[in-house]
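Enquirer:
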Amino acid sequence: ANYTGDGPLFKWETFLTKELPAYLEGNFGVARNNNSIAGLSMGGTAALNLAARNPAMFKQAMSWSGYLTMSGPGMSTLVRLAMLDLGGFNVNNMYGSMFNPNRYENDPFWNMGALRGKDVYISAASGFWSADDIMRYEVKDRITGSILEAFSLYTTTLWEAKARAEGVNVTVNYPAAGIHNWLQWNYQLNLTKNRVLDVMQAW
343 ANYTGDGPLF
353 KWETFLTKEL
363 PAYLEGNFGV
373 ARNNNSIAGL
383 SMGGTAALNL
393 AARNPAMFKQ
403 AMSWSGYLTM
413 SGPGMSTLVR
423 LAMLDLGGFN
433 VNNMYGSMFN
443 PNRYENDPFW
453 NMGALRGKDV
463 YISAASGFWS
473 ADDIMRYEVK
483 DRITGSILEA
493 FSLYTTTLWE
503 AKARAEGVNV
513 TVNYPAAGIH
523 NWLQWNYQLN
533 LTKNRVLDVM
543 QAW
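Just so it is clear: in the sequence shown, position 103 is 445 by the working numbering, and no numbers are missing.
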């Protein structure tokens, strides 16, 4: 979505769906439609949103550890805490208050119908520490990563259930161990890169 708060006006959706495609087409011959989009963490939220809001642009959408029910119980508080931790950012600058219709317009949970006929892949791990997590991350980072990934799993499974009921072709992957970190996302990237190449016929 485009930025709605005070201060500099960031138009991320405008950039990703208009300016960047025009640049890539003009300079590299990249088509503006039938592309693939993937995102991790809140980028997974954005990936499904952008694919649903711009269905001609994308034939594949992937979310790795995304938050797919942004207007659901507890999500506003979780995002608020995450944004404060990242740098004191105001969560209401994203979509407005929790009662703002813009929040629901940018919630993948309510806007999945346009993803019918697309190749959709979603994943989230359990939040339990793997051996690599224990070896590479400090305890405080593992605790934070567990909480964030558990919330992602909660929202992702809810999204999956509704998507299947609405006829969306969705593939899921729920690793038994893994937290909200780059180990998990690197695993998902390696797991899905051939899928992207297949769908895009880019071998």
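For every residue, glycine included, the Cβ atom is placed at its ideal position computed from N, Cα and C.
What residue from ALA519, ASN396, VAL462 has the CA that sits closest to GLY509's CA?
Expert: The candidate whose alpha carbon is nearest that of GLY509 is VAL462.
Enquirer: I'd like the span of the alpha helix (DSSP H) that includes ASP475, first residue to last.
Expert: Taken as a continuous stretch (DSSP letters only), the alpha helix (DSSP H) holding ASP475 covers 473-478.
Enquirer: What would DSSP say about MET404, mapped onto helix, strand or coil?
Expert: strand
Enquirer: Taking 7 angstroms as the cut-off, decide whether the C-beta atoms of SER407 and ALA466 are in contact.
Expert: yes
Enquirer: Between the C-alpha atoms of ILE489 and GLY371, what's the straight-line distance to the nearest angstrom?
Expert: 42 angstroms
Enquirer: Which of helix, strand or coil does DSSP assign to SER494?
Expert: helix
Enquirer: Nearest by alpha-carbon distance to SER418: which of SER439, SER405, ALA398 is it?
Expert: A check of alpha carbon separations from SER418 across SER439, SER405, ALA398 identifies SER439 as the nearest.
Enquirer: Looking at the structure shown, is THR411 part of a helix, part of a strand, or coil, going by DSSP?
Expert: coil
Enquirer: According to DSSP, is ASN444 helix, strand or coil?
Expert: Secondary structure at ASN444: helix, using DSSP grouped into helix, strand and coil.
Enquirer: Taking the alpha-carbon positions, what's the GLY368 to ASP483 distance?
Expert: 43 angstroms
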